[in-house]
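Working notes for the structure below.
In my numbering, the protein residues as written are 6 to 280.
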């Protein structure tokens, strides 16, 4: 398949680069799906850090699941100091979490809007305002959509996704990536509807077969990405001290061999065939 879009962002993350050799299209909305523990928030942070390396680019991060100071701590953990970009107005946080904190709320640099989402249109307006093009391109990250799924009727939420994609993605030409924690059947059912409304779907998981041997290998799969070629296979990755990285196949093979030996030894021990 040839690339059918004029502009894309090359992610700079090896496992994603294998899955998306031409990158992520501008003017698109992509879902990043997966259970807890697969590093979805790390992947968002890594993508945005790479995006900010271009001095014309900006990032708007909509945080529902954690406080802005916890978000910045995540970046700092990997050595991604975004304070410079905050000062330049290129890293903005829309805080949809801290309204719960009341008097315990902290002032955090980079927060351009604090919002308790009672009306979904208010979120569209807030993100549109923060990501309106000035001198370059914007990546909009939403972590996560789960709260909105729980808070609003399904029809309202689906209409919001249509509007969000149309206005923030297509209208403003932004790259929009939103996470969903697929921990229950309820969220998975919503995803089944959403797949037809969005441009891209990236799923992350822990390989179930390897997990049986006590080897928790994370994998990602690009299920769809409109307008660009994809390699739709499960691609293993790890979270290193530098972010998302490819798995060393030799090291993985060595770990698997060792675990298989341990499993065989345990099997013999339990069956009484080993002294």
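Idealized CB from N, CA, C, for every residue including glycine.
On a predicted model such as this, the values are computed, not experimentally measured, just so you know.
May I have the straight-line CA-CA distance separating residue 203 from residue 267, to the nearest angstrom?
44 Å
If you draw a straight line from the C-alpha of residue 98 to the C-alpha of residue 41, how long is it?
23 Å
Residue 179 to residue 185, Cα distance in whole Å?
19 Å
Run through the stretch 178 to 265 for me and flag every whole beta strand (DSSP E) of 3 or more residues, listed as ranges in chain order.
180 to 186, 205 to 211, 223 to 230, 240 to 245, 248 to 251
Can you give the Cα-Cα distance for residue 292 and residue 66, rounded to whole angstroms?
An answer regarding residue 292 cannot be provided, because it is not within the stretch 6 to 280 covered by the chain.
Figure out for me which residue from 159, 220, 269, 145 has the closest Cα to the Cα of residue 62.
145
For residue 9 and residue 86, what's the separation of their Cα atoms in angstroms?
35 Å
Assuming residue 24 and residue 233 form a contact by the criterion Cβ under 8 Å, report the distance between their Cβ atoms to the nearest whole angstrom.
Contact flag wrong, Cβ pair sits at about 10 Å.
Would you please state the rounded distance, in angstroms, between the beta carbons of residue 51 and residue 18? I believe it to be under 8 Å.
6 Å
Residue 98 lies in the alpha helix (DSSP H); which residues open and close that run?
Per DSSP, residue 98 belongs to no alpha helix (DSSP H); it is in the beta strand (DSSP E), 96 to 100.
With respect to the beta strand (DSSP E) encompassing residue 150, which residues constitute its N-terminal and C-terminal limits?
Taken as a continuous stretch (DSSP letters only), residue 150 belongs to no beta strand (DSSP E), as it is neither H nor E.
From residue 54 to residue 174, what distance separates their C-alpha atoms?
20 Å
On the premise that residue 181 lies in contact with residue 5, defined as a C-beta separation below 8 Å, what is that separation, rounded to the nearest angstrom?
Residue 5 lies beyond the stretch modelled for the chain, which goes from 6 to 280, so this question has no answer here.
Applying the criterion that 16 or more other CB atoms from any shown protein chain within 10 Å of the CB defines a buried residue, is residue 48 buried or exposed?
buried
Excluding the 5 residues preceding and the 5 following residue 13 in the sequence, name in chain order all residues of the same chain whose CB lies nearer than 8 Å to its CB.
27, 28, 29, 30, 31, 233
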